[in-house]
Amino acid sequence: MDMSQQTLTPEKAVTQQVPTSAKVVARDVNVYYGEKHALKDVSINIPDKSVTAFIGPSGCGKSTFLRCINRMNDTIPSCRVKGTITIDAQDIYDPALDVVQLRARVGMVFQKPNPFPKSIYENVAYGPRIHGMSRSKADLDQIVESSLRKASLWEEVKNRLQESGTALSGGQQQRLCIARAIAVSPDIILMDEPCSALDPIATAKIEELIDELSQNFCIIIVTHSMQQAARVSKRTAFFHLGLLLEEGETNEMFTNPTNEKTQAYITGRFG
Amino acid sequence: MTDIAGADAPVLRLDMTSDAAKRRIRKRYAAEARFKAYGLAALAVTTLFVGALVFDIIRNGIPAFTQHSLTMDVAVPDDLVPTATRSDPLAIRGADYFPVTRDALKAAIPGIESRRGERTLVRLLSTGAPDVLRDRLVADPSLIGKTVKVPLLLSDDADLYFKASSTSIVKRGGIGTATPSGTTGEITILTSSNDFAAEVVTIKQAAKAKADALAIEAARLTTFGGQSVAQRVTEINAEIAELKARFDSPKIEEILDAKLPSKLVEINGGLVKLTKITDVSVTGEVLLPLASAADAKPGDWKVVTYTTAESNRKVSDQEVAFLERFREKGMVDRHFNTLFFTSGDSREPELAGIRGALIGSLLTLFVTLVLCLPIGVLAAVYLEEFATKNRITDLIEVNINNLAAVPSIVFGLLGLAVFLNFFNFPRSAPLVGGLVLALLVLPTIIIASRAALKAVPPSIKEAALGVGASHQQAVFHHVLPLAMPGIMTGTIIGMAHALGETAPLLMIGMVAFIVDVPTALTDAATVLPVQIYLWSDLPEVAFKLKTAGAIMVHLSQKEV
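Order-wise, the sequence lines are chains A and B.
Residue numbers are given in this note's numbering: position 23 of the first sequence equals residue 23, and the series is strictly consecutive.
Convert by adding 1000 to the 1-based position in the second sequence; the result is the number in this note's numbering.
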């Protein structure tokens, strides 16, 4: 974890980092959308049980990289991924690996709250049900309750679990999506600008929630808000034009960035 | 006024106060008002046409839902069915009911002796009239040998006469004392006053007008000359002379033919149709027998006029006389036409119903729905969600879109060639009809379903994938249910299309005259639109009403 500041060569990184607490290790990841080279030689180690923020201007590749971690990019036909990404030392692009199981281990929360147009209960219970996590209705009830509690939504919705998830407010919907993601007890939660569609109060709640969740999960968050990155994340990675320019402890990076582009971005001179 | 414009660029401000600006605003308002007016006008015209159509259909169709019967006391002879076989419904069914109803009719209007009169009387009843009696006896054999009160169905012409009388009837009392020469056959009636002067004058005036017209024609022809013309002129002059003889002497009797309004005399409980007429005596044929040949006092007898000439209506004077007599006796009974909904097609309009076509339609649509809903939806799901986009899927897509535009008769030909000739499926069967209509409807359902699937926000699928659902689970658990309303709309439009389709069914023989109500998918059947097409083609006026009635049922079925 004391590595970084600059991207390291793969050999060095693997030998140095994998045995330590890094949860996700990416080496020389290149992503192409048809002819477009969207992500260039990204290598990064992401620690477990902490929050890592990806920042950078629009179109810099941070969301693309995030979607590589649960192979969501597979759904885009023109998208090709090269390089290796491992979770717990297991290559997730291994053809033998079941992508559905991978996605169950790597939950995702999207930019716009997207609850299923079903009841609140069903929204949370869907994941556990398809993965056969519960033997009985009571089990399922228990999973739903604990997930909603972890997402600090339980108190607000416990009396109306059968109401439609889309009837909630934007912030509640997003917390419902988080509850839905943690219901299948993933190791990693990916958040793609989870607060960009929310007002400051809802944002504050979500950030508080992220902070709590980071005790149990590896959280990777893409954000446009420097303040948010500074507030919630332990480590930060700065992307620019498909390159990972800088990565390190958030405190250090915000106070003393080594790359001048990082400095320019953080201080708001471009982006 | 940004720095891009440069320092010496003209200052462009939004102009809102000048006359040009006000004109622009007025023009915009006028354009909006015009557009609104066009819209309203279009709406009004459409409403008018639809309203006229619906009004016409309902006006024509409503009478099809009622029917007239003669409620009569029918004496069932004891020997109609032998006592030994009365327990057997088949024996009761097999009995000959025609003489029974004939005798009942003759009893209702006694004294009709001529064979022609008798035949006319019997033909007022539908050929299906005895069915009610038969069913009654089958249900209760103990009625045999007793007198039963049953409604006997009238024939289509008689029924139509009561629905929309083809002539109006005018009566006026006689002034003189009338003396009939007999009670049946051809009789002469003398009156003590000139009761028929008005009629005679009218006829003679008509003759005079005709003579005048002929005179003009003759004058015109003579200017040409030539042999054939001369001959024609001679003929015309002869005709004029004949007419002149008639209108010059008031005492010459006039002949009433079928082209003139019918004149009748109601006297001594009978009715006489006049054939020859002078102002004080008339000769005529007895339509309803007179009770006696006694003198009738002034006011006790009446001159009756059927204002529509006999040649201009379907029912003869004799039939009108019978029907009016039945009406006076209160035997005519109007009731809801249950036969229309419970029987199949028939050559007799009063017996024809839509049940066969209705059941045929339902069976056909059942086959169509069972085939094309799953196939169509699954094809759409596969093409939209799973198929890789390449040249083959592009080709399939283009072909599906093209199929939607293929004329329906072509599908009929395909059905004929493939299902009937190759697979040897039965002709006229709802099974084949359903198969053909399924082919016809599939493109509609696939296109509509694909559009509905495309309209589901991708975020829902991503959310499902995000919690670890497989692609198939995401589609079937989340995308498909959300697309269902759109898919259902497409399916309903497709089924409504199929329900109204006629052309392809003609090709596979569903256009045949089928009396039986189908009970299985392989029975010969027809469908409602084809039935409407068949009926609209028939010459009987009653079928015109049936057509409109069937259209009403068809439309209401489509609404559902």
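Every residue gets a Cβ at the ideal spot worked out from N, C-alpha and C, and that includes glycine.
All values reported here derive from a predicted model rather than from experimental measurement.
Same chain, Cβ closer than 8 Å to residue i, five either side skipped, listed in chain order
i, result
"residue 1331/B", "1070, 1071, 1072 and 1108"
"residue 1120/B", "1316, 1318, 1319 and 1322"
"residue 104/A", "127, 131, 184 and 186"
"residue 1528/B", "1354, 1357, 1358, 1360, 1361, 1499, 1550, 1553, 1554 and 1557"
"residue 206/A", "171, 174, 175, 178, 194, 195 and 198"
"residue 109/A", "174, 177, 178, 181, 189, 190, 191, 192 and 194"
"residue 1021/B", "1015"
"residue 1563/B", "Residue 1563/B lies beyond the stretch modelled for chain B, which goes from 1001 to 1560, so this question has no answer here."
Exposure label - residue i; buried when at least 16 CB within 10 Å
i, result
"residue 1335/B", "exposed"
"residue 1040/B", "exposed"
"residue 988/B", "Outside the displayed span of chain B (1001 to 1560) sits residue 988/B, for which this structure offers no information."
"residue 1573/B", "This structure leaves residue 1573/B out entirely; chain B is present only between 1001 and 1560."
"residue 1368/B", "buried"
"residue 1546/B", "buried"
"residue 1067/B", "buried"
"residue 228/A", "buried"
"residue 19/A", "Because the pLDDT at residue 19/A is just 43, under 50, the model does not fix this residue reliably, and the point stays unresolved."
"residue 91/A", "exposed"
"residue 1168/B", "exposed"
CB-CB length for residue i against residue j, believed under 8 Å
i, j, result
"residue 1493/B", "residue 1478/B", "Not confirmed; about 25 Å, so no contact."
"residue 213/A", "residue 150/A", "7 Å"
"residue 152/A", "residue 180/A", "At roughly 14 Å, the Cβ-Cβ gap does not stay under 8 Å, so residue 152/A and residue 180/A are not in contact."
"residue 1483/B", "residue 1439/B", "With 8 Å as the limit, residue 1483/B and residue 1439/B do not qualify as a contact, their Cβ atoms being about 23 Å apart."
"residue 259/A", "residue 246/A", "4 Å"
"residue 1503/B", "residue 1392/B", "Actually they are not in contact, since the Cβ atoms of residue 1503/B and residue 1392/B sit about 32 Å apart, beyond 8 Å."
"residue 120/A", "residue 157/A", "5 Å"
"residue 86/A", "residue 25/A", "5 Å"
"residue 275/A", "residue 61/A", "The structure shown does not extend to residue 275/A, since chain A spans only 1 to 271, so no value can be given for it."
"residue 1060/B", "residue 1544/B", "7 Å"
"residue 1134/B", "residue 1172/B", "About 45 Å; that fails the 8 Å criterion."
Cβ shell of residue i (< 7 Å), same chain only, five flanking positions each side left out
i, result
"residue 1032/B", "none"
"residue 1509/B", "1427 and 1428"
"residue 1082/B", "none"
"residue 1163/B", "1063"
"residue 1269/B", "1290 and 1291"
"residue 268/A", "none"
"residue 1182/B", "1293"
"residue 1127/B", "1348"
Closest residue to residue i among the options (Cα-Cα distance)
i, options, result
"residue 1315/B", "1155/B, 1473/B and 1209/B", "1155/B"
"residue 1467/B", "198/A, 191/A and 267/A", "191/A"
"residue 1187/B", "1166/B, 1265/B, 1548/B and 1419/B", "1265/B"
"residue 163/A", "178/A, 115/A and 48/A", "115/A"
"residue 1353/B", "1344/B, 1360/B and 1263/B", "1344/B"
"residue 1419/B", "1233/B, 1230/B and 1505/B", "1505/B"
"residue 168/A", "88/A, 117/A, 93/A and 109/A", "117/A"
"residue 33/A", "256/A, 242/A and 254/A", "242/A"
"residue 1327/B", "1038/B, 1173/B and 1158/B", "1158/B"
"residue 1189/B", "1237/B, 1241/B and 1272/B", "1272/B"
"residue 1101/B", "1515/B, 1115/B and 1129/B", "1129/B"
"residue 1412/B", "1196/B, 1501/B, 1212/B and 1448/B", "1501/B"
"residue 1242/B", "1262/B, 1212/B and 1228/B", "1212/B"
"residue 144/A", "122/A, 159/A and 208/A", "122/A"
"residue 1491/B", "1448/B, 1134/B and 1432/B", "1448/B"
"residue 1560/B", "1092/B, 1541/B, 1387/B and 1496/B", "1496/B"
"residue 204/A", "43/A, 232/A and 111/A", "232/A"
"residue 1485/B", "1166/B, 1237/B and 1456/B", "1456/B"
"residue 1244/B", "1262/B, 1214/B and 1263/B", "1214/B"
Cβ-based neighbour list, residue i, same chain, cut-off 6 Å, excluding 5 preceding and 5 following
i, result
"residue 1193/B", "1175 and 1176"
"residue 1340/B", "1353"
"residue 217/A", "189"
Contact the stretch 1514-1521 of chain B vs the stretch 1393-1403 of chain B: 3+ CB pairs below 8 Å: Short answer: they don't touch.
Segment contact flag, the stretch 1272-1281 of chain B with the stretch 1240-1258 of chain B, C-beta cutoff 8 Å, min 3 pairs: With the rule of 3 Cβ pairs closer than 8 Å, the stretch 1272-1281 of chain B counts as touching the stretch 1240-1258 of chain B.
Stretch-stretch touch, CB-based, cutoff 8 Å, three pairs: the stretch 1147-1167 of chain B with the stretch 1086-1094 of chain B: Segments in contact, no.
Segment contact, 8 Å Cβ cut-off, at least three pairs: the stretch 1296-1312 of chain B with the stretch 1174-1183 of chain B: The stretch 1296-1312 of chain B is in contact with the stretch 1174-1183 of chain B.
Touching by the beta-carbon criterion (3+ pairs, under 8 Å), the stretch 94-109 of chain A and the stretch 49-62 of chain A: Touching, no.
Validate contact between the stretch 1298-1314 of chain B and the stretch 1205-1225 of chain B using beta carbons, cut 8 Å, 3 pairs: Below 8 Å, too few C-beta pairs join the stretch 1298-1314 of chain B and the stretch 1205-1225 of chain B to call them touching: fewer than three.
Chain D contacts from the stretch 1459-1472 of chain B (Cβ-Cβ distance under 9 Å): In the structure shown, chain D does not exist; the protein chains are A and B.
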